[in-house]
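**Student:**
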Amino acid sequence: MKKIVPLLAALLSTLGTAALSASPAVDLTSMKGVMLCAAVHHIKTHPENYVGRFITVTGQFSIIEGVDEQGVEDPDKIFCACTVAQAQDSLEFRTGAEMPHPEDFIDLGAVVTVSGIYEAYEDNGKVYYRLGDASVKF
């Protein structure tokens, strides 16, 4: 499986990502298996191709603890993500509303569907990508 995903991602790239670029919206919820893995891989390795596009993904809710300027974990920097287990990767998201404190988060591992506009942002001088102004259904 691990050899197939890069192969499919390369194929998608070679074909001009026709399967993903036919519309400004990318709905990963209808994809399964290897196609889902390849699509997530392509989004993560070619994020500039998706900035400004509306993406919907279903996966498990997870959090990522950020780091400060020195690279030390910072408990005040918590980022939300939708982990796609089949792809062994995740898409970070930020809701338009203020997120609750960690003790009030959605249960870790709960199945969520996240929709938002893919955007770039900077943190500690590094560029990251996420689904911005995202809506979350669980």
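If you read the sequence shown in the working numbering, its first letter stands for residue 3, the second for the next number, and so on. Note that beta-carbon positions come from the ideal geometry of N, C-alpha and C, so glycine has one too.
Quick one: what does DSSP say ILE108 is sitting in, helix, strand or coil?
**Tutor:** coil
**Student:** What's the gap between the Cα of VAL51 and the Cα of ALA41?
**Tutor:** In the sequence as presented, Val is not what sits at residue 51; that position holds Asn. Near 12 Å, if we compare the C-alpha coordinates of ALA41 and ASN51.
**Student:** Per DSSP, what kind of secondary structure is GLU71 in: helix, strand or coil?
**Tutor:** Correct three-state label for GLU71: coil.
**Student:** In whole angstroms, what is the alpha-carbon distance linking PHE81 and THR97?
**Tutor:** If you take the alpha carbons of PHE81 and THR97, they lie about 10 Å apart.
**Student:** With burial defined as no fewer than 16 other Cβ atoms inside 10 Å of the residue's Cβ, what is the status of THR47: buried or exposed?
**Tutor:** exposed
**Student:** Classify ILE66: buried if its beta carbon has 16 or more other beta carbons within 10 angstroms, exposed otherwise.
**Tutor:** exposed
**Student:** Which class does VAL53 belong to by DSSP, given the choice of helix, strand or coil?
**Tutor:** Secondary structure of VAL53 (DSSP, three-state): coil.
**Student:** Which residue from ALA112, ASP70, LYS79 and ASP91 puts its Cα closest to that of ILE45?
**Tutor:** A check of alpha carbon separations from ILE45 across ALA112, ASP70, LYS79 and ASP91 identifies ASP91 as the nearest.
**Student:** Could you give the distance in angstroms between the alpha-carbon of ALA87 and the alpha-carbon of ILE57?
**Tutor:** Between ALA87 and ILE57, the alpha-carbon positions lie close to 17 Å from each other.
**Student:** Could you check where the alpha helix (DSSP H) with LYS34 kicks off and where it finishes?
**Tutor:** Unbroken run through LYS34: none, as it is neither H nor E.
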